[in-house]
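Worksheet: one structure, shown below.
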Amino acid sequence: MLSRNVIRRLVQLYVGLALYGVSSALLVDAGLGLEPWGVLHQGLARLTGLTIGTVSIIVGAAVLLLWIPLRQRPGLGTVSNVFVIGIAMDSTLDLVPAVHGLPGRIALMAAGILLNGAATGLYISARFGPGPRDGLMTGVHRLTGLSIRLSRTAIEIAVVATGFVLGGTLGVGTVVYALSIGPLAQLFLRVFALPDPAADRAPLARATAEAILPE
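According to our numbering, the sequence shown is numbered sequentially starting from 20.
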């Protein structure tokens, strides 16, 4: 029988991942610029004709394969991340009507970024393993010896550049996201923090948080 702590962690994991997908969809609807990986997903979606959620799932699965040579170990949260976010994105885009007018789009962008910070705090605090893209950053760090910050920056620059060339939306939302997601996620990490009896998980948790959160 699952303990209350495990049940709460599972709830936080799946609510967090679902809200992350919702927040990403709000940024797409706002049309003012996406988060780095969102730029790539949107560019590939426009190139292939697939939905952005489907592309997110495919990219997540492909990145997860890179964990093999990087000797990263996926967790429940890692695999769930691949599917839940993409499904939530497409579902939200199907349900939320288009917003016209700059004030409405700005409000949608702000809501998306705030919700993304809360979602990040929820699923990281659940401690079921990093997402595929987060693990890629920590894997590159361990393989090359580069700092996590430099590894993250290099990967995200490559991702944004590729996505922009393919037609992904790069704009003020991208900049606001980059500047605000770190403080927001740190805030919500404290709000949703759970006691962790397993002390040996601390290094992984720190590495994961460092990979995700801008310094």
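Using N, Cα and C, we set each Cβ at its ideal position, and we do this for glycine too. Since the structure is predicted, the reported quantities are computational estimates derived from the model, not experimental observations.
According to DSSP, simplified to helix, strand and coil, what is residue i?
i	result
L89	helix
P55	helix
P233	Reliability of the predicted coordinates at P233 is poor, the pLDDT of 43 falling under 50, and the value obtained from them is presented with this limitation in mind. The answer is coil: DSSP assigns P233 none of H, G, I, E or B.
M20	coil
V101	helix
A145	coil
T70	coil
A226	With a pLDDT of 49 at A226, under the threshold of 50, the modelled position of that residue is not reliable, and the figure given next carries that caveat. Three-state result, A226: helix.
Assuming residue i and residue j form a contact by the criterion Cβ under 8 angstroms, report the distance between their Cβ atoms to the nearest whole angstrom.
i	j	result
A138	G35	5 angstroms
L32	G96	5 angstroms
R28	F147	7 angstroms
G72	G105	4 angstroms
G190	G52	3 angstroms
A204	G136	5 angstroms
V82	R23	Contact flag wrong, Cβ pair sits at about 33 angstroms.
G235	F183	Here the chain covers residues 20 to 234 and nothing more, so residue 235 does not appear.
Count the other CB atoms within 10 Å of the CB of residue i; is the residue buried (16 or more) or exposed (fewer)?
i	result
T188	buried
V30	exposed
D48	buried
D113	exposed
Quick check for students: name the residue ranges of the alpha helix (DSSP H) that lie wholly in the stretch 149-223, counting only runs of 4 or more. 151-163, 167-184 and 191-210
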